[in-house]
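As structure tokens, the structure follows; a few thoughts come after it.
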Amino acid sequence: MSLSKVPNWVRVLEHFERNHYITNGLTIPFLIGCRPHIYPNQHVVDIEEFLSELMLSSRKTSLMTCGNNGQIVVGLLDLESSKVVDQCGYRSFGNIYFIDDTFKSATCIEDVISDCKSRYSDLISAERYSFENGKWSRFSEIDMNRFSEVSQPAILEFMNPKDVNINTRLEEIFKEYESGQLDKIVPLWHTDIVDIDLRCQRHNLPAAKLRHGIEIIQNVDIELLFDNMFSSEAEYYREKKLFRDDSDWSISRVMDHWIKGEKLIPPTITFESHVTSRNLYPADGKHRINVAYFYGACQIPILILKSQRQQILDLLGI
Numbered sequence: 005m006s007l008s009k010v011p012n013w014v015r016v017l018e019h020f021e022r023n024h025y026i027t028n029g030l031t032i033p034f035l036i037g038c039r040p041h042i043y044p045n046q047h048v049v050d051i052e053e054f055l056s057e058l059m060l061s062s063r064k065t066s067l068m069t070c071g072n073n074g075q076i077v078v079g080l081l082d083l084e085s086s087k088v089v090d091q092c093g094y095r096s097f098g099n100i101y102f103i104d105d106t107f108k109s110a111t112c113i114e115d116v117i118s119d120c121k122s123r124y125s126d127l128i129s130a131e132r133y134s135f136e137n138g139k140w141s142r143f144s145e146i147d148m149n150r151f152s153e154v155s156q157p158a159i160l161e162f163m164n165p166k167d168v169n170i171n172t173r174l175e176e177i178f179k180e181y182e183s184g185q186l187d188k189i190v191p192l193w194h195t196d197i198v199d200i201d202l203r204c205q206r207h208n209l210p211a212a213k214l215r216h217g218i219e220i221i222q223n224v225d226i227e228l229l230f231d232n233m234f235s236s237e238a239e240y241y242r243e244k245k246l247f248r249d250d251s252d253w254s255i256s257r258v259m260d261h262w263i264k265g266e267k268l269i270p271p272t273i274t275f276e277s278h279v280t281s282r283n284l285y286p287a288d289g290k291h292r293i294n295v296a297y298f299y300g301a302c303q304i305p306i307l308i309l310k311s312q313r314q315q316i317l318d319l320l321g322i
């Protein structure tokens with residue numbers, strides 16, 4: 005699911021607040037555990053990923069200890085509340101704001117993640133997401149009914165009727181390619197980091213990896229990139245074959261953007277431990293690489309994680 009969709013925890017918090025089901029917020033296990041009940045085909049994420057999502061989100065959230073039950077709860081900050089926390093100088097990591105002393109000793113988001121893991125990881129593993137009457141348990145019938153209230157609009161959004169409308173265009177592109185009408189396409193890339201919003205991508209890296217930041221490396225020699233990439237991935241691209249079947253619409257989507265003169269986000273390359281010296285992996289943007297290479301690109305920009313910068317630059321000899 006694209007992060008341009010409304011995150012499940014935003015939907016749930018908004019719905020629960022609007023219907024006065026909660027006062028201060030919802031617990032971390034509750035928001036993690038409800039995910040599969042809101043969006044189809046979604047899985048439960050771990051605490052590190054969840055808090056990283058909050059940190060990187062465009063929505064400001066509060067993290068505090070609830071006076072009613074003694075548990076750490078997440079709440080949404082509306083526009084007025086956001087102004088207050090900014091004026092009062094509350095500490096924050098990204099868009100997580102701390103409005104009490106629960107995490108007063110935390111110096112970075114890793115400290116918050118560690119604390120929450122020690123409190124809640126075992127409960128999440130046991131699927132005890134709901135805290136009622138002083139004890140943790142599985143979701144109650146009331147919880148499930150409330151999820152049903154949230155899930156229908158979420159499912160409709162997830163299905164995205166625009167995808168149905170574009171299918172005809174993608175089929176046309178495949179037919180044009182088959183008939184030899186698309187012999188030249190020029191790859192176009194966003195090359196300024198300020199123009200890139202990874203939430204616009206249909207699929208994305210885990211927030212836990214992205215929270216340390218990304219940067220662009222310009223004009224990377226594509227053959228050198230393949231030489232340092234997992235061999236199976238490099239061989240796939242060097243076949244210079246666009247469509248493996250006539251319903252490979254991800255390829256058609258890339259072609260459609262470039263035919264229209266629209267720029268795309270560069271592929272994300274990560275450093276992964278591997279038994280050989282070929283440690284680079286195309287974590288996102290495989291189809292963009294494939295189309296660009298097929299149409300003769302010798303150099304491409306790549307996105308990398310700042311935390312892996314030196315490892316990747318050393319491999320590429322930059």
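Using my numbering, the first residue of the sequence shown is number 5, and each one after it goes up by one. Every residue, glycine too, gets a C-beta built ideally from N, C-alpha and C. Predicted model, so just to flag it, every value in this text is computed and none were measured.
- The closest CA to that of F143, considering only K290, H24, T31, is found on T31.
- When secondary structure is reduced to three states using DSSP, Y124 falls in the helix class.
- In this structure, the CA atom of Y94 is about 47 angstroms from the CA atom of T280.
- Counting C-beta pairs closer than 8 angstroms gives three or more between the stretch 188 to 201 and the stretch 210 to 230, which meets the contact rule.
- DSSP places S66 inside the beta strand (DSSP E), whose first and last residues are 65 to 69.
- Unbroken beta strand (DSSP E) stretches of 3 residues or longer found wholly inside the stretch 255 to 304: 272 to 275, 284 to 288, given in chain order.
- In this structure, DSSP gives V10 a state outside helix and strand, which the three-state scheme calls coil.
- The residue among D252, G37, L228, S141 with its C-alpha nearest the C-alpha of R173 is D252.
- Less than 9 angstroms separates the beta-carbon of W262 from that of V295.
- Within its own chain, the residues whose Cβ lies closer than 8 angstroms to the Cβ of L317, once the five positions on either side in sequence are excluded, are I221, listed in chain order.
- In the structure shown, S96 falls within a strand segment according to DSSP collapsed to helix, strand and coil.
- By the C-beta density criterion, I308 is buried, having at least 16 other C-beta atoms within 10 angstroms.
- Around the Cβ of C92, a 10 Å sphere holds fewer than 16 other Cβ atoms; the residue is exposed.
- Going by beta carbons, Y101 and V89 fall inside the 9 angstroms limit.
- For K139, the uninterrupted beta strand (DSSP E) run begins and ends at 139 to 141, by DSSP.
- Excluding sequence positions up to five before and after R63, its CB lies within less than 7 angstroms of the CB of V14, L80, N99, all in the same chain and listed in chain order.
- With fewer than 16 other Cβ atoms inside 10 Å of its own Cβ, M148 counts as exposed.
- Below 8 angstroms, enough C-beta pairs join the stretch 122 to 129 and the stretch 24 to 38 to call them touching: three or more.
- For A212, the closest C-alpha among the options N45, V10, V49 is that of V49.
- Under DSSP, the beta-bridge partners assigned to G79 are S66.
- By the Cβ-count criterion, A130 is exposed, with fewer than 16 other Cβ atoms from all chains shown falling within 10 Å of its own Cβ.
- Take the alpha-carbon of F234 and the one of K139: they are about 48 angstroms apart.
- Distance between L192 and S134, taken at the CA atoms: about 48 angstroms.
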